[in-house]
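I have placed the structure first, in the form of structure tokens, so that the comments after it can refer back to it.
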Amino acid sequence: MGTKNRKWFRLVAFVLTAVLLTASIGENVSAASGKKTVVLYFSATGTTKSVAAKIKKASKGTLIEIKAADPYTDADLNYGNSNSRVTREHESAASPAESSVRPKIANESQIKKAVKKADIVYIGYPIWWGEAPHIIYTLVENTNLKGKTVVPFCTSLSSGIGQSGTHLKEKAVISSKTKWTPGRNFYGRSTQKTVNKWVKTIK
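Reading the sequence shown from the start, the letters are residues 11 to 213 in this note's numbering.
Structure follows, in structure tokens:
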């Protein structure tokens, strides 16, 4: 092999190594803050999942679905049925915070490991009767969020985030060093540009 060819191959190898190293360093790290980020979400119909994926892209974080050990079926989600699962959960107490209903999370161990390594934790959920679903209370009551920046986000076509984030904070495992942000609501059709702009405000 000629000298010129050897130099060419060395240059190509160097460039490829640099690209791979840069990608590795940037993996799961917020583009805006340089902090490790995890995006947790519970999505019954796919709307919250869509927004969570956009947040993941904007933050370069790890995306993890909060999976119910007993998955919700379409019948379970029929809030028009007085005997459906979500209706029974809703009527179990005046609010999810006061209820003893805590649906188990199938991948709780995976979530805890990811949160332990993260600096910023996004928690996404649909709004049910003006509040976060009971399974989100399972999450915050059993996951160590001490010292984390916690960012609630929700999806609803008819209402904002309201007091849902505040109510979760009151039940969460946090410390004086936890930074719990107000969070916000997204509509299902929120654009990547809208999400990017919001994520840049999270420090």
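Built from N, CA and C at the ideal position, the CB exists for glycine as well.
Nearest-angstrom Cα distance between K59 and E180? 25 Å
Using DSSP with H/G/I as helix, E/B as strand and the rest coil, what is P106? helix
What distance in whole Å lies between the Cβ atoms of I212 and T188, which are believed to be in contact at a cut-off of 8 Å? The Cβ separation is near 14 Å, so there is no contact.
Delimiting residues of the alpha helix (DSSP H) encompassing N206: Here the alpha helix (DSSP H) through N206 covers Q202 to V209.
Let's test the definition: count the other Cβ atoms within 10 Å of the Cβ of E108 and tell me whether it reaches 16, buried, or not, exposed. Under this definition E108 is an exposed residue.
Thinking just about the alpha-carbon of each residue, which of N93, A54 and S102 is nearest to the one in I76? A54
Excluding the 5 residues preceding and the 5 following S169 in the sequence, name in chain order all residues of the same chain whose CB lies nearer than 8 Å to its CB. I137, G140 and N195
Of the listed residues T72, T57 and K64, nearest to K45 (C-alpha basis): The residue among T72, T57 and K64 with its C-alpha nearest the C-alpha of K45 is T72.
Quick check on the DSSP output: the beta strand (DSSP E) that includes Y51 runs from which residue to which? T47 to Y51
Check whether the stretch 160 to 169 and the stretch 118 to 137 touch, using three or more Cβ-Cβ pairs below 8 Å as the test. yes
Have a look at A227 and T47 and give me their C-alpha separation to the nearest angstrom. The structure shown does not extend to residue 227, since the chain is modelled only from 11 through 213, so no value can be given for it.
V150 - containing alpha helix (DSSP H), residue span: H144 to N152
In whole angstroms, give me the CA-to-CA distance for V22 and P143. Legend: pLDDT at V22 = 39, less than 50; position of this residue unreliable, value from coordinates given subsequently. Straight-line Cα distance between these residues: approximately 52 Å.
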